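Engineer: Mapping of the sequence shown onto mature numbering (1 follows the signal peptide of the UniProt record, and there is no 0): residues -20 to -1, 1 to 392, in sequence order. For glycine and all other residues, C-beta sits at the position ideal for the given N, C-alpha and C. Values in this document were obtained by computation on a predicted structure and should not be read as measured data. Mind having a look at this structure? Questions to follow.
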Amino acid sequence: MNKFNVSLLILLSVSFKIQAQNALSSDELFADARKSAFENKNYQKAKELAFEALEKSPGYADVDIFLGRIYSWDHQYDSARMHFTKVLNANPNEDASIAYADLEYWNDNYQNALDICNNALINFPNSEELLLRKAKNLKALKNFDEAAEITRQILKINSNNQQARALAVSIKEQLLKNKITISYENSSFDKQFDKAWNLASIAYSRQTKLGSVIARINYVNRFSSNGLQAEIDAYPHISKTFYGYLNFGYSGDVGVFPGYRAGMSLYANLPKSFEGELGIRYLYFTSGTKIYTASLGKYWSNFLFTARTYLTPSSTGISQSYNFSARYYLEGADDYIGLSVGSGFSPDDNSQNIQFSNKENKLSSKKISADFNHTFLKWTIISISAGIINQEYKPSERGNQFNISAGISRRF
């Protein structure tokens, strides 16, 4: 076959393809565009097909809404706004309003998103999706009372709307700024000690404009001695990306508690649902010990996975502690089951941080624990946990520590 014939075949093939595509209706082009976007993830091809559909049917609102969403996913926000506005300038459209409100919400333009919802609700007053987005934006703007009223309105329309129910719980948690918690933990031993340790605490937390603040009193009985410790925690908001953790504690009963304790961490909300932390802890018994910590968490579906390390420098090297935890959320933030495994000691665990009284302690430990949190009677939270620590309490001698704890919290 000579070059002329090959060229002719190619030309005819392209011509037939163009004619076939031109023969497609705007609906068929739109269907192909959706397939390119959703099945093949080829957004560029999807846009080309969508524009061809618009050439045939310039007022095809669904295609403009589709293009707006594609541009939103590609972070071409001005182009997305142009398509949504084109549809809404022609006629009120529920889907366009929902997509436009989503775009502004994702970009933290909560007031713009709220205005879009309000304008659309004039024509679609019973739209659950629009009302839900209105409530979310009101919550983001910290207008909790009105947001709560909107969730009640949605549930009157549809009592089975689970998104509205979950949002209502989240909003009420913001309205109920106070929480009292009482907890108890028992630690028993099979070899190391004859008597169990008992730890109890009572805490009061308050949500403020700057973040949450927690005051806590801890009581312990161990080594046949009693002790009290006072603590305060704070979680200040720094920006949309960062927030902090601050801790200070004091006890006059050195030996069962550290005389002083302090902590500081910086948390960052990272892309793709990751969260990172860098921090330091300080414990003072008869001398001070600094512990450095870092963690990385990942939210996936209803799960939160967290990996953490504690590094403790001393004159003989660096002690290392590692922990991995997985938490599955059943409903809201206070309803979950969790599992944790690790090695080494944690300065944040009052059942273990007494081990830091000996800075040169290089004895090893391994641990596993499970915990369960559940909300009942709306604002009461119960927590239960159990764990085993297998630790070297003398060189080459190991024993088990069995921890059982329970707590109850009440929001008001």
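Report the option in 11, 215 and 385 whose CA atom is closest to the CA atom of residue 167.
Structural biologist: Counting from one through the sequence shown, the residue named residue 167 turns up at place 187. Checking every option, the nearest Cα to that of residue 167 belongs to 385.
Engineer: Check for me: the beta strand (DSSP E) holding residue 11 runs from which residue to which?
Structural biologist: Locating residue 11 in the sequence shown gives position 31, where the first residue counts as 1. First-last for residue 11: 6 to 18, but that is the alpha helix (DSSP H), not the beta strand (DSSP E).
Engineer: Please determine if the segment 230 to 248 and the segment 265 to 275 are in contact, where contact requires at least 3 C-beta pairs separated by less than 8 angstroms.
Structural biologist: Yes, the segment 230 to 248 is in contact with the segment 265 to 275.
Engineer: Roughly how many whole angstroms lie between the Cα atoms of residue 307 and residue 73?
Structural biologist: By one-based count along the sequence shown, residue 307 stands at place 327. By one-based count along the sequence shown, residue 73 stands at place 93. Distance between the alpha carbons of residue 307 and residue 73 is about 40 angstroms.
Engineer: Could you please give the first and the last residue of the uninterrupted alpha helix (DSSP H) stretch that includes residue 217?
Structural biologist: Mapped onto the sequence shown, residue 217 falls at position 237. That residue, residue 217, is in no alpha helix (DSSP H); it is neither H nor E in DSSP.
Engineer: For the putative contact between residue 379 and residue 373, defined by C-beta atoms under 8 angstroms, what is the C-beta separation to the nearest angstrom?
Structural biologist: Locating residue 379 in the sequence shown gives position 399, counting from the first residue. Locating residue 373 in the sequence shown gives position 393, counting from the first residue. So it is a contact: roughly 5 angstroms between Cβ atoms.
Engineer: Using the Cβ count rule (16 or more neighbours within 10 Å means buried), how would you classify residue 46?
Structural biologist: Looking up residue 46 in the sequence shown gives position 66. That one is buried.
Engineer: Could you check how far apart the C-beta atoms of residue 383 and residue 369 are, in whole angstroms? I think they sit under 8 angstroms.
Structural biologist: Position 403 of the sequence shown, counted from the first residue, corresponds to residue 383. Position 389 of the sequence shown, counted from the first residue, corresponds to residue 369. So it is a contact: roughly 7 angstroms between Cβ atoms.
Engineer: In angstroms, rounded to a whole number, what distance separates the CA positions of residue 131 and residue 60?
Structural biologist: Position 151 of the sequence shown, counting from 1, holds the residue named residue 131. Position 80 of the sequence shown, counting from 1, holds the residue named residue 60. Roughly 29 angstroms separates the two Cα atoms.
Engineer: Compute the distance between the beta-carbons of residue 305 and residue 286, then report whether it is under 8 angstroms.
Structural biologist: Position 325 of the sequence shown holds residue 305. Position 306 of the sequence shown holds residue 286. Against a cut-off of 8 angstroms, the Cβ pair of residue 286 and residue 305 comes out as a contact.
Engineer: Which runs of the beta strand (DSSP E), 3 residues or longer, sit entirely within the segment 315 to 356?
Structural biologist: Correct list: 316 to 323 and 345 to 356.
Engineer: Would DSSP call residue 124 helix, strand or coil?
Structural biologist: Counting from 1 along the sequence shown, the entry for residue 124 is found at position 144. It is helical.
Engineer: Going straight from the alpha carbon of residue 363 to that of residue 134, what length do you get?
Structural biologist: Along the sequence shown, read from residue 1 onward, the residue named residue 363 stands at position 383. Along the sequence shown, read from residue 1 onward, the residue named residue 134 stands at position 154. The straight-line gap from Cα to Cα measures roughly 31 angstroms.
Engineer: In angstroms, rounded to a whole number, what distance separates the CA positions of residue 17 and residue 54?
Structural biologist: Residue numbering aside, residue 17 sits at position 37 when the sequence shown is read from its first letter. Residue numbering aside, residue 54 sits at position 74 when the sequence shown is read from its first letter. Roughly 12 angstroms separates the two Cα atoms.
Engineer: Please identify the residue among 297, 301 and 159 whose C-alpha is closest to the C-alpha of residue 275.
Structural biologist: Here residue 275 corresponds to residue number 295 of the sequence shown, with the count starting at 1. Answer by Cα proximity: 301.
Engineer: Are the CB atoms of residue 349 and residue 320 nearer to each other than 8 angstroms?
Structural biologist: Within the sequence shown, numbered from 1, the residue matching residue 349 stands at position 369. Within the sequence shown, numbered from 1, the residue matching residue 320 stands at position 340. Yes.
Engineer: Would you mind giving the Cβ-Cβ distance between residue 27 and residue 50, rounded to the nearest angstrom? I have them listed as a contact below 8 angstroms.
Structural biologist: Translated into the one-based positions of the sequence shown, residue 27 becomes position 47. Translated into the one-based positions of the sequence shown, residue 50 becomes position 70. Yes, residue 27 and residue 50 are in contact; Cβ-Cβ is about 6 angstroms, under 8 angstroms.
Engineer: With distances taken between CB atoms, is the gap from residue 395 to residue 246 smaller than 8 angstroms?
Structural biologist: Here the chain has residues from -20 to 392 only, and residue 395 is not among them.
Engineer: Between residue 362 and the ligand ATP, is the CB less than 7 angstroms from at least one heavy atom?
Structural biologist: You won't find the ligand ATP in this model; it holds no ligand whatsoever.
Engineer: According to DSSP, residue 293 sits in a beta bridge with which residue or residues?
Structural biologist: By one-based count along the sequence shown, residue 293 stands at place 313. According to DSSP, residue 293 bridges with 298.
Engineer: Looking only at its own chain, which residues have a Cβ that is under 6 angstroms from the Cβ of residue -5, when we skip the five neighbours before and after it?
Structural biologist: To locate residue -5, count along the sequence shown from 1; it is residue 16. Confidence at residue -5 is low in this model, with a pLDDT of 46, below 50, so its placement is unreliable and the value that follows should be read with caution. Contacts found: none.
Engineer: Roughly how many angstroms separate the alpha carbons of residue 41 and residue 326, rounded to a whole number?
Structural biologist: As a first step, residue 41 must be located in the sequence shown, where it is residue number 61. As a first step, residue 326 must be located in the sequence shown, where it is residue number 346. Answer to the nearest angstrom: the Cα atoms are 58 angstroms apart.
Engineer: What did DSSP end up calling residue 267 once you bin it into helix, strand or coil?
Structural biologist: Residue numbering aside, residue 267 sits at position 287 when the sequence shown is read from its first letter. The answer is coil: DSSP assigns residue 267 none of H, G, I, E or B.
Engineer: Since residue 178 sits in a beta bridge, which residues does DSSP pair it with?
Structural biologist: Numbered from its first residue, the sequence shown carries residue 178 at position 198. According to DSSP, residue 178 bridges with 166 and 201.
Engineer: If you compare alpha carbons, which of 186, 21, 171 and 182 is closest to residue 154?
Structural biologist: If you number the sequence shown from 1, residue 154 lands on position 174. Nearest option by C-alpha distance: 186.
Engineer: Quick check: what's the CA-CA separation for residue 15 versus residue 31?
Structural biologist: Locating residue 15 in the sequence shown gives position 35, where the first residue counts as 1. Locating residue 31 in the sequence shown gives position 51, where the first residue counts as 1. Whole-angstrom Cα-Cα distance: 15 angstroms.
Engineer: On the CB-based measure, 16 or more other CB atoms within 10 Å of its CB, does residue 222 come out buried or exposed?
Structural biologist: Your numbering for residue 222 matches position 242 in the sequence shown. By the neighbour-count rule (16 or more Cβ atoms within 10 Å), residue 222 is not buried but exposed.
Engineer: Mind checking residue 334: buried by the 16 CB within 10 Å criterion, or exposed?
Structural biologist: To locate residue 334, count along the sequence shown from 1; it is residue 354. Buried, by the Cβ-count rule.
Engineer: List the DSSP bridge partners of residue 273.
Structural biologist: Translated into positions along the sequence shown, residue 273 becomes position 293. Per DSSP, 259 and 290.
Engineer: For residue 397, which three-state DSSP category applies?
Structural biologist: Only positions -20 to 392 of the chain appear in the structure, and residue 397 is not among them; the question remains open.
Engineer: Report yes or no: do three or more beta-carbon pairs, one from the segment 175 to 182 and one from the segment 142 to 151, lie closer than 8 angstroms?
Structural biologist: Because the criterion of three Cβ pairs below 8 angstroms is not met, the segment 175 to 182 and the segment 142 to 151 do not touch.
Engineer: Going by beta-carbon coordinates alone, are residue 381 and residue 228 separated by less than 8 angstroms?
Structural biologist: Translated into positions along the sequence shown, residue 381 becomes position 401. Translated into positions along the sequence shown, residue 228 becomes position 248. No. Outside cutoff.
Engineer: Based on Cα-Cα distance, which residue from 137, 173 and 281 lies nearest to residue 106?
Structural biologist: Taking the sequence shown and counting its residues from 1, one reaches residue 106 at position 126. Among 137, 173 and 281, the Cα nearest to that of residue 106 is on 137.
Engineer: Are the beta-carbon atoms of residue 212 and residue 194 separated by less than 8 angstroms?
Structural biologist: Sequence index remark: in the sequence shown, residue 212 carries index 232 (1-based). Sequence index remark: in the sequence shown, residue 194 carries index 214 (1-based). Against a cut-off of 8 angstroms, the Cβ pair of residue 194 and residue 212 comes out as a contact.
Engineer: Hey, how far is the Cα of residue 200 from the Cα of residue 207?
Structural biologist: Residue mapping note: residue 200 aligns to position 220 of the sequence shown, counting from 1. Residue mapping note: residue 207 aligns to position 227 of the sequence shown, counting from 1. Taking the straight line from one Cα to the other gives about 5 angstroms.
Engineer: Can you tell me whether residue 297 is buried or exposed, with buried defined as 16 or more other CB within 10 angstroms of its CB?
Structural biologist: Walking along the sequence shown from the start, residue 297 turns up at place 317. Counting Cβ neighbours within 10 Å, residue 297 comes out exposed, since fewer than 16 surround it.
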